Amino acid sequence: MNLNIDHLHTDYLNDVSFELNNENMVILGSNGAGKTTLAKAIVNLKENDRIFCNTKKVCEMSSELRARLLNFIPSKLEVFDEYIDVHEFLELSLLNGTSHGEIEKVLRLLDIEHLAHKSCKEISSGESQLVLFAGGLLQNSELTLFDEPTANLDSDKKIKIFELLKRHQGLKLVITHDLNLAYKLGFRVLFLQNGTVTYDGSCEQFFDSENLFRLFGDSIKRVDDFFMVNYR
Amino acid sequence: MKLTILIGALILLSVSAFMGETQLDIQKILDPDAIEYLLFWDLRAPRVVVAFSSGAILALGGLVFQAVFRNSLTTPFTLGVSSGATLATAFGIIFLPASLVAFSSIFSFFGAFSTVLLLFLFARVLNTMQTGSLLLIGIALSFFYSAALMVLYYISDLQQSYSIIRFTMGSLNVVGFTHVYAVIAAAFLLLGVTLRYKHELRLILTSYDNAFLKGIEIKKINLILLFFVSISVGVSVSVVGPIGFVGLVIPHVIKLIYKQSSDKLILPVFFYGGVFLVLCDLIARNLGTVSEIPIGVVTSFVGGPFFIYLIGKRKNSNG
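Chains B and Y, in that order, are what the protein sequence lines are. The first sequence runs 2 to 233 under the working numbering. The second sequence runs 211 to 529 under the working numbering.
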């Protein structure tokens with residue numbers, strides 16, 4: 002699949018352009034840099050006409066085709082009706098040929114079988130993040146954009162999500178703050194600062210010490226293969 | 211609980227046409243020459259059917275509006291549909307020649323319908339289907355209509371004012387089945403459309419973003435749902451007047467009893483909305499007062515306190 006972002010301008014983004022050819026990506030950047038805005042623009046939740054998927058404008062696609070190609074997993078679960086439970090919520094993600102039986106499988110995979118019949122409004126923020134992630138796996142669009150998929154999770158769950166991002170089928174675009182996650186995933190890195198792309202390239206070069214210093218100053222310190230906040 | 215209520219409702223529906231100020235001899239109902247025949251088939255039966263269909267429309271309309279506007283206090287009335295109908299009817303009552311006043315119900319249908327068109331026009335011009343702003347426009351329209359209605363009161367004579375006031379209280383006084391067919395048709399049209407979009411409704415009940423990402427044409431679905439609710443509410447208001455509270459109370463009560471998401475409650479809300487209005491009408495007809503109490507008064511008297519009770523109960527059970 003080819004995704005082309007061609008001179009995208011929005012309230013927060015300033016002339017963002019890049020192209021993805023059957024590859025995964027990590028988007029890094031500080032708070033308010035425009036990461037979520039960019040992801041929402043790509044799936045056209047934020048309406049614009051600068052995104053092309055397989056040379057077709059996303060904003061001109063039929064809704065069905067768009068849902069087959071692109072999906073966005075927000076960082077917070079939002080459900081209006083208090084009586085919709087987790088299982089029912091996940092049923093709504095069965096649209097690209099995934100079967101009913103897959104729901105149980107994915108719930109087991111993420112260790113959240115016990116949530117199946119709880120109301121989506123009663124579960125914790127970490128749990129709802131796992132539910133959203135499960136929905137992304139079930140919808141199984143060609144490219145899935147994950148917004149901070151590990152932000153509220155315990156370390157064992159973080160590892161689980163990491164492994165799934167690494168090996169589950171489908172292309173992924175992962176927004177995160179977590180440098181260690183980005184490093185371990187090894188995907189191509191896009192770095193946003195104040196709505197402008199200041200780095201776009203391989204993971205290896207991104208974590209090169211000179212580049213890190215250029216982007217973060219001395220606030221990040223590398224210890225072996227880990228990146229620490231350098232509290233002084 | 212559900213079964214008890216269902217049995218009670220079915221009994222109520224089957225006996226309500228037989229209960230009233232005049233006791234009916236059941237055997238004479240089928241005798242075309244008896245006065246009972248006329249009373250039953252021309253007055254009581256159509257009345258029960260109109261009550262059921264209108265109640266069903268208002269309740270289901272409330273359910274759909276609450277989902278689409280993501281606001282549990284929304285009903286078709288909040289958007290000014292009923293005020294539009296009332297204003298147009300008042301206009302008809304005052305300006306139509308006395309011989310044509312019976313046609314003022316046609317006015318009320320067009321009042322309701324043009325309000326809906328006006329809302330859609332605003333939505334297009336402002337290029338927004340954001341439900342928040344549409345809701346505000348509806349509220350603004352309601353106020354505008356109320357002001358215009360005041361002007362009409364001011365220029366009308368005593369008799370006309372009285373007719374207008376009676377209309378705004380709602381009335382199930384229908385004679386014969388002519389108007390009844392329109393309300394039945396509107397009720398089942400709305401039911402059919404809502405059932406057809408059940409899946410989309412459930413997606414809307416999660417969040418608009420989620421529905422969008424699952425490949426739903428949200429703007430289109432919203433317009434279709436609002437359009438059909440408004441048409442059927444327009445038909446209902448034109449026949450029985452604006453009857454409040456049904457659209458607000460019934461969806462909430464059914465939700466508390468069934469404890470299921472709204473998309474699964476389409477049939478129960480439709481059915482019990484109808485039953486509720488039949489019950490209210492039964493009360494209105496059988497209080498033994500000189501003239502019957504307007505139906506809108508009864509729905510508010512029954513619905514208001516019950517609603518507050520339910521809110522209190524819900525708060526306790528949630529801790």
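No residue lacks a Cβ here, since even glycine has one placed at the ideal position from N, Cα and C. Every value quoted in this text rests on a predicted model; they were computed, and no experiment measured them.
Any chain B beta carbon closer than 8 Å to residue i
{"i": "R412 of chain Y", "result": "yes"}
{"i": "G529 of chain Y", "result": "No answer about G529 of chain Y holds up, because its pLDDT of 35 lies below 50 and its placement is not dependable."}
{"i": "G522 of chain Y", "result": "no"}
CB contact below 8 Å: residue i versus chain Y
{"i": "F227 of chain B", "result": "no"}
{"i": "D7 of chain B", "result": "no"}
{"i": "F81 of chain B", "result": "yes"}
{"i": "S94 of chain B", "result": "yes"}
{"i": "A152 of chain B", "result": "no"}
{"i": "L39 of chain B", "result": "no"}
Interface partners of residue i on chain B, CB under 7 Å
{"i": "M469 of chain Y", "result": "Note that residue 469 of chain Y is Lys in the sequence shown, not Met. Simply Y84."}
{"i": "S472 of chain Y", "result": "D82"}
{"i": "E427 of chain Y", "result": "S64"}
Sequence-distant residues of the same chain with beta carbon closer than 7 Å to residue i, five excluded per side
{"i": "L131 of chain B", "result": "L111, I113 and K158"}
{"i": "T232 of chain Y", "result": "L249"}
{"i": "I162 of chain B", "result": "F134, P150, T151 and L154"}
{"i": "V479 of chain Y", "result": "A269, L270, L273, I460, P461 and I464"}
Beta-carbon proximity check, residue i vs residue j, cutoff 8 Å
{"i": "E164 of chain B", "j": "S417 of chain Y", "result": "no"}
{"i": "L193 of chain B", "j": "V175 of chain B", "result": "no"}
{"i": "P242 of chain Y", "j": "V390 of chain Y", "result": "no"}
{"i": "V456 of chain Y", "j": "L222 of chain Y", "result": "no"}
{"i": "A40 of chain B", "j": "F73 of chain B", "result": "yes"}
{"i": "A396 of chain Y", "j": "V447 of chain Y", "result": "no"}
{"i": "S366 of chain Y", "j": "I316 of chain Y", "result": "no"}
{"i": "S226 of chain Y", "j": "V258 of chain Y", "result": "yes"}
{"i": "L475 of chain Y", "j": "I464 of chain Y", "result": "yes"}
{"i": "L415 of chain Y", "j": "D82 of chain B", "result": "yes"}
{"i": "T38 of chain B", "j": "D148 of chain B", "result": "no"}
{"i": "I394 of chain Y", "j": "S224 of chain Y", "result": "no"}
{"i": "N212 of chain B", "j": "S220 of chain B", "result": "no"}
{"i": "N281 of chain Y", "j": "L329 of chain Y", "result": "no"}
{"i": "F228 of chain B", "j": "N181 of chain B", "result": "yes"}
{"i": "Y363 of chain Y", "j": "I374 of chain Y", "result": "yes"}
{"i": "D252 of chain Y", "j": "P75 of chain B", "result": "no"}
{"i": "S129 of chain B", "j": "D86 of chain B", "result": "no"}
Whole-angstrom distance between residue j and residue i, CA atom to CA atom
{"i": "L436 of chain Y", "j": "F275 of chain Y", "result": "7 Å"}
{"i": "L240 of chain Y", "j": "V384 of chain Y", "result": "21 Å"}
{"i": "V443 of chain Y", "j": "E61 of chain B", "result": "35 Å"}
{"i": "S371 of chain Y", "j": "L270 of chain Y", "result": "32 Å"}
{"i": "V508 of chain Y", "j": "A219 of chain Y", "result": "18 Å"}
{"i": "F353 of chain Y", "j": "T288 of chain Y", "result": "11 Å"}
{"i": "Y13 of chain B", "j": "F53 of chain B", "result": "20 Å"}
{"i": "G454 of chain Y", "j": "E92 of chain B", "result": "36 Å"}
{"i": "K254 of chain B", "j": "T11 of chain B", "result": "Past the boundaries of the shown model lies residue 254 of chain B; chain B is included only from 2 to 233, so the question cannot be answered."}
{"i": "L70 of chain B", "j": "G102 of chain B", "result": "22 Å"}
{"i": "G529 of chain Y", "j": "F511 of chain Y", "result": "Annotation note: pLDDT 35 at G529 of chain Y (below 50); position unreliable, no value reported."}
{"i": "L116 of chain B", "j": "G127 of chain B", "result": "12 Å"}
{"i": "G513 of chain Y", "j": "Y519 of chain Y", "result": "10 Å"}
{"i": "A298 of chain Y", "j": "S318 of chain Y", "result": "5 Å"}
{"i": "N45 of chain B", "j": "T388 of chain Y", "result": "50 Å"}
{"i": "E143 of chain B", "j": "H169 of chain B", "result": "12 Å"}
{"i": "G137 of chain B", "j": "S94 of chain B", "result": "8 Å"}
{"i": "V190 of chain B", "j": "A350 of chain Y", "result": "50 Å"}
{"i": "N32 of chain B", "j": "F208 of chain B", "result": "20 Å"}
{"i": "D16 of chain B", "j": "L405 of chain Y", "result": "45 Å"}
{"i": "K212 of chain Y", "j": "H118 of chain B", "result": "21 Å"}
{"i": "N97 of chain B", "j": "V107 of chain B", "result": "15 Å"}
Same chain, Cβ closer than 8 Å to residue i, five either side skipped, listed in chain order
{"i": "D226 of chain B", "result": "Y184"}
{"i": "S210 of chain B", "result": "R223"}
{"i": "S381 of chain Y", "result": "V450, G451, P504 and I505"}
{"i": "F188 of chain B", "result": "E24, N25, M26, V27, K173, V175 and C204"}
{"i": "I434 of chain Y", "result": "V403 and Y407"}
Same chain, Cβ closer than 6 Å to residue i, neighbours up to 5 away in sequence not counted
{"i": "L413 of chain Y", "result": "A421, K424 and I426"}
{"i": "N5 of chain B", "result": "E20 and F53"}
{"i": "A266 of chain Y", "result": "A397, F480, G483 and G484"}
{"i": "F438 of chain Y", "result": "L400 and V403"}
Within chain Y, partners of residue i - CB distance below 9 Å
{"i": "N72 of chain B", "result": "L423 and K424"}
{"i": "F90 of chain B", "result": "T416 and N420"}
Per-residue contacts from residue i into chain Y (C-beta, under 8 Å)
{"i": "A42 of chain B", "result": "Within 8 Å Cβ-Cβ: nothing; A42 of chain B doesn't reach chain Y, min ~13 Å."}
{"i": "P75 of chain B", "result": "D419"}
{"i": "R67 of chain B", "result": "G425"}
{"i": "L46 of chain B", "result": "D419, F422 and L423"}
Per-residue contacts from residue i into chain B (C-beta, under 8 Å)
{"i": "R280 of chain Y", "result": "F81"}
Within chain Y, partners of residue i - CB distance below 7 Å
{"i": "L110 of chain B", "result": "The premise fails here: L110 of chain B is roughly 21 Å from chain Y at the closest Cβ pair, so nothing lies under 7 Å."}
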